[in-house]
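This report refers to the structure that appears directly beneath it.
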Amino acid sequence: MAAILRAPGLGAVWGTVRGLATAVRQAEPATAGLDAKQMNLCSAVNDALHIAMDENPKTLVFGEDVSFGGVFRCTVGLAEKHGKHRVFNTPLCEQGIVGFGIGAAAQGYSPIVEIQFADYIFPAFDQITNEAAKYRFRSGGEFDVGGLTIRTPYGAVGHGGHYHSQSPEAFFTHIPGIKVVMPSGPRETKGLLLSAIRDPNPVVVFEAKMLYRTAVEDVPTGDYSIPLGRARIARAGSDVTLVGWGQQVLVLEQAAKELAASDGIEAEVIDLRTLLPWDADAVAASVEKTGRLVVSHEAPLTSGFGAEIVAAISDRCFYSLEAPPLRIAGYDTPFPLVCEPLYLPGVQRVVDGVRRLLRA
43 MAAILRAPGL GAVWGTVRGL ATAVRQAEPA TAGLDAKQMN LCSAVNDALH IAMDENPKTL
103 VFGEDVSFGG VFRCTVGLAE KHGKHRVFNT PLCEQGIVGF GIGAAAQGYS PIVEIQFADY
163 IFPAFDQITN EAAKYRFRSG GEFDVGGLTI RTPYGAVGHG GHYHSQSPEA FFTHIPGIKV
223 VMPSGPRETK GLLLSAIRDP NPVVVFEAKM LYRTAVEDVP TGDYSIPLGR ARIARAGSDV
283 TLVGWGQQVL VLEQAAKELA ASDGIEAEVI DLRTLLPWDA DAVAASVEKT GRLVVSHEAP
343 LTSGFGAEIV AAISDRCFYS LEAPPLRIAG YDTPFPLVCE PLYLPGVQRV VDGVRRLLRA
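Basically this note's numbering = 1-based index in the sequence shown + 42.
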């Protein structure tokens with residue numbers, strides 16, 4: 043195992059992500075000039091929840107252990123400030139947690155429910171797909187559950203194994219009637235989470251648990267929002283377009299830096315932010331400029347959301363493409379424990395993929 047972790051391009055995965063996460067990124071125009079302070083991603087979530095609960099007395103927060111602060115401590119202090127009638131624990135039953143949230147939303151509340159790990163969201167899949175996503179439509183607008191927000195941590199963390207490391211976002215991007223959000227850092231998380239809570243549709247927010255503590259940057263201290271469905275240009279470039287979401291954006295940013303330093307390749311990195319709906323216009327505009335597309339995600343390759351992006355951009359930008367689009371993703375296996383660094387689409391895999399693409 044030690045040899046694997048020290049292997050070139052593999053053992054550097056976690057160090058790279060942690061190092062990137064602490065880098066200060068350029069502020070978005072929407073947040074530039076606002077008073078800010080250093081926050082990690084967990085603190086950014088907590089700050090957004092406090093703002094939402096201060097703003098609307100009908101906002102509720104509930105899930106497993108949330109009144110105690112949650113397993114990742116994202117809900118610390120909420121019950122003490124807002125009361126245990128608004129911030130409360132639930133039984134270990136994901137179907138019931140989401141079902142209760144749907145009922146509360148139908149009665150005019152704004153429930154923010156927490157599923158402790160995205161790996162365990164599947165018992166609630168029926169509630170999300172057949173109730174939350176369809177309730178407004180099947181009732182002719184009489185029952186509006188758009189106030190529902192589902193938060194859940196996803197992805198690799200270094201020791202999660204089969205049941206605490208999955209990235210199941212692609213399952214939910216196939217469901218009309220909901221929105222899917224995957225922030226890449228603290229500033230993005232706070233602004234996108236507040237937008238999700240206020241959005242008139244049910245929203246699933248996947249939070250990268252690897253970044254809860256390691257991602258630190260300046261985050262505006264007040265209330266602000268980042269529009270859903272609008273991508274962010276994380277790094278400008280002219281030779282190839284790299285598209286990702288969540289913590290994979292940090293991997294792509296590091297790969298872009300290495301490509302520029304070693305090969306003189308200027309990669310444009312797009313942080314998709316929202317997967318449903320996704321900003322096809324931003325990706326298409328970049329690909330029309332660069333002529334090449336790489337999409338990367340932690341989830342397994344087959345039927346991952348990258349396939350949808352590649353299909354749509356191939357159709358829309360066919361005559362602008364200089365080479366076939368490339369997907370760099372997790373392998374089609376259950377998420378491994380011992381071989382986790384081998385499984386992840388790290389910086390070196392992205393760098394190698396871009397080099398192959400530019401030789402095509």
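Glycine is no exception: its CB is placed at the ideal position from the N, C-alpha and C atoms.
Count the other CB atoms, across all protein chains shown, that sit within 10 Å of the CB of residue i; report buried if there are 16 or more and exposed otherwise.
i	result
Arg334	buried
Asn172	exposed
Val66	Note that Val66 scores a pLDDT of 41, beneath 50, so its modelled location is shaky and nothing firm can be said.
Tyr385	buried
His339	buried
Asp394	exposed
Pro195	buried
Pro383	buried
Val380	exposed
Return the first residue and the last residue of the alpha helix (DSSP H) that residue i is part of.
i	result
Leu386	Careful: Leu386 lies outside any alpha helix (DSSP H) and carries neither H nor E.
Ala244	Reading off the sequence shown, one finds Pro at residue 244, where the question assumed Ala. Premise fails: Pro244 is in no alpha helix (DSSP H) and is neither H nor E.
Between the Cα of residue i and the Cα atoms of the options, which residue gives the shortest distance?
i	options	result
Ala327	Arg391, Leu318, Ala273	Ala273
Arg229	Asp394, Gly395, Asn82, Val222	Asn82
Lys232	Thr215, Asp260, Arg277, Phe213	Asp260
Ile370	Ile355, Ile144, Val396	Val396
Lys221	Val247, Ile163, Gly202	Val247
Arg128	Ser152, Leu134, Ala148	Ser152
Ser345	Pro319, Lys176, Glu211	Glu211
Return the chain-ordered list of same chain residues with a C-beta closer than 6 Å to the C-beta of residue i, the five sequence neighbours on each side being excluded.
i	result
Ala94	Thr101, Ile239
Phe377	His204, Ser207, Gln208
Arg193	Glu156, Val247
Ala69	Any reading at Ala69 needs caution, since the residue's pLDDT is 49, under 50, leaving its predicted position unreliable; the model's value is listed next. Excluding sequence neighbours, Ala69 sits near nothing in its chain.
Ala166	Glu136, Gln137, Val140
Arg178	Asp186
Can you name the start and end residues of the beta strand (DSSP E) that residue i belongs to?
i	result
Lys31	This structure leaves residue 31 out entirely; the chain is present only between 43 and 402.
Ala371	368-372
His127	Looking at the DSSP string, His127 is not in any beta strand (DSSP E), and its letter there is neither H nor E.
Gly286	282-286
Phe213	No beta strand (DSSP E) contains Phe213, which is instead part of the alpha helix (DSSP H) from 211-214.
Val293	From DSSP, Val293 is part of no beta strand (DSSP E) but of the alpha helix (DSSP H) over 290-305.
Gln80	78-82
Can you list, in chain order, the residues of its chain whose CB lies under 7 Å from that of residue i, leaving out five sequence neighbours each side?
i	result
Gly197	Ser207, Ser209, Ala250, Lys251, Met252, Gly288, Gln289, Glu340
Ala257	Ala63, Asn82, Leu83, Gly227, Pro228
Give me the Cβ distance between residue i and residue j, rounded to the nearest whole Å; I'm assuming they're in contact under 8 Å.
i	j	result
Glu308	Asp265	Contact flag wrong, Cβ pair sits at about 36 Å.
Thr215	Leu317	5 Å
Keeping to the same chain, check which residues put their C-beta closer than 8 Å to that of residue i; ignore five residues upstream and five downstream.
i	result
Asp374	Pro342, Leu343, Thr344
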